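Under my numbering, the first residue of the sequence shown carries the number 22, and numbering increases by one thereafter. Heads up, the beta-carbon is just placed ideally off N, CA and C, and yes, glycines get one too. These numbers come from a predicted model, not from an experiment. Data first, discussion second: the structure below is written as structure tokens.
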Amino acid sequence: MLNAKNCRFDIGSGGIPDIVATDVAAALGMVAAGIGREVLCRVWWPDGAKLSKDQLNDMVDALMRDEWAKREASMLDGLLAIATRGSRGQGAYATAHANRWPRLVITERGLTTLAEGYGKVRTAVLNELASAGLCPYCAGRGMTANTMGVYKTCAECTGAGHLRLSDRGRAELAGFSWKTYREGWATVYDWTFQRCTDDLHQAERQFQHALT
22 MLNAKNCRFD IGSGGIPDIV ATDVAAALGM VAAGIGREVL CRVWWPDGAK
72 LSKDQLNDMV DALMRDEWAK REASMLDGLL AIATRGSRGQ GAYATAHANR
122 WPRLVITERG LTTLAEGYGK VRTAVLNELA SAGLCPYCAG RGMTANTMGV
172 YKTCAECTGA GHLRLSDRGR AELAGFSWKT YREGWATVYD WTFQRCTDDL
222 HQAERQFQHA LT
């Protein structure tokens, strides 16, 4: 309701609806600031989300940096466990090593920057969320047309209009080869997507509560 609309002069007003744009804007203002609210806007108010695109990117980057630091701390604890307890500490080290994420920063020409892969994951996660689960092959219509203009049920989503991306689809969306994604970035993607989804659902509940 907050997105730009085309003006129509061929129909009447139809009366006053139960919920108007100002109600939606007020309810949105009651949602706690953070990733959830920004993703909520990204999904349902793309025009408004453009104004805070960089802010959302920074918040997701910070989220991944914090999680990376926690996993590196667990890795250090695992090494200390081996040093102090010998073979009895191997379990803690093995778990920490399995959960370890790819290197966070890279240094080129004396400048330290976030590794490119994390930016790819962040962009892909937000794009997947912004699609609201719509099938990318039929754009949520449930039907596709061939070159002759003949429509048929979408073979990918079987007409449902919604489709969860497969791991290969996520690898392609993020710009990774399947091998690189599977061996290094699948865990990062899954974790980031789930955290952003959880925050989005919380924001949706707050928004619904404020609107009712």
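Environment of residue i [buried if 16+ CB atoms lie within 10 Å]
i: Ala192; result: buried
i: Asp31; result: For Asp31, the predicted structure reports a pLDDT of 49, less than 50, and the residue's modelled location is therefore unreliable. The matter cannot be settled from this model.
i: Val60; result: buried
i: Arg106; result: exposed
i: Phe228; result: buried
i: Tyr210; result: buried
i: Val52; result: buried
As assigned by DSSP and simplified to three states, the class of residue i
i: Ile32; result: For Ile32, the predicted structure reports a pLDDT of 49, less than 50, and the residue's modelled location is therefore unreliable. The matter cannot be settled from this model.
i: Leu232; result: helix
i: Thr218; result: helix
i: Val52; result: coil
i: Arg121; result: coil
i: Gly196; result: coil
i: Asp39; result: coil
i: Arg109; result: helix
i: Trp206; result: helix
i: Trp66; result: coil
i: Met80; result: helix
i: Met96; result: helix
i: Met85; result: helix
Counterpart residues of residue i in DSSP-defined beta bridges
i: Thr174; result: Met164
Of the listed residues the options, nearest to residue i (C-alpha basis)
i: Gly180; options: Tyr158, Lys200, Gly170, Phe197; result: Tyr158
i: Met164; options: Cys178, Lys71, Gly154, Ala153; result: Cys178
C-beta atoms of residue i and residue j nearer than 8 Å
i: Trp206; j: Phe214; result: no
i: Trp89; j: Leu125; result: yes
i: Ala48; j: Ala231; result: yes
i: Met96; j: Arg121; result: yes
i: Ile56; j: Asp220; result: yes
i: Glu149; j: Leu194; result: yes
i: Leu77; j: Leu147; result: yes
i: Cys156; j: Gly190; result: no
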